[in-house]
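Enquirer: Heads up: the sequence shown runs through residues -12 to 136, numbered per the working numbering.
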Amino acid sequence: MSEKKVFKGRVIAKGNFKGEAVVSHEGFNTLASFQKSALLNKKNVIVSDQNNKDLYGKDITNKILCLPITIGSTTGGLVIQTVCNMHINPRVFLFSMPIDSLAASGIVLAKVWQNSEVICIDELGEEFLNTVKTGDTLEVKEDGTVTIL
């Protein structure tokens, strides 16, 4: 059995959660990834961004999304807020880099306006993204501690 690995990041939206990781090693396009599921009023998000080899076709609802940063349209924040309001969002967003302003706005608005339970931690570092694998179980604490179990 491998040893637990612990990382510490900056808390954007606090909370505690234990769940399954889904990992993207490239920028995550929120519009391209969420649009199809949101527009079709699906009960979960299946990533529809064909350019994201790590996540295309994967269900990310209630998972822990590990990514470097979000990319794409200026609607990114609204798209995150929308999927959170629909309760089909990843439960946790873990950024290896500092969060971009569009993703931050969507997460903060979802947390404040919709009372979403979404959790977000950034600045976890490149080592975090190089260590975590899709399918790993992670434990996220409200102080910004992330443990790969």
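The beta-carbon is built from N, C-alpha and C at its ideal position, and this holds for glycine as well.
1. Compare the C-alpha of Glu114 against each of Asn3, Lys1, His12 and name the closest.
2. Would DSSP call Lys23 helix, strand or coil?
3. What would DSSP say about Gly6, mapped onto helix, strand or coil?
4. Excluding the 5 residues flanking Cys53 on each side, which residues of the same chain have their C-beta closer than 6 Å to its C-beta?
5. In whole angstroms, what separates the C-alpha of Ser35 from that of Asn76?
6. Quick one: using the 10 Å Cβ neighbour count with 16 as the cut-off for buried, is Asp109 buried or exposed?
7. Do Gly59 and Asn16 have their C-beta atoms closer together than 9 Å?
8. For Val95, which residues of its own chain have a beta-carbon under 8 Å away from its beta-carbon, when the five flanking residues on both sides are left out?
9. At what residue ranges does the region 40 to 124 contain a whole run of the beta strand (DSSP E), taking only runs of 3 or more?
10. Pull up the CB-CB distance for Val70 and Phe21, whole angstroms please, since I reckon it's below 8 Å.
Expert: To lay it out plainly:
1. His12
2. helix
3. strand
4. Ala8, Val10, Leu81, Val119
5. 14 Å
6. buried
7. yes
8. Ile(-1), Ala0
9. 51 to 54, 79 to 82, 106 to 109
10. 5 Å
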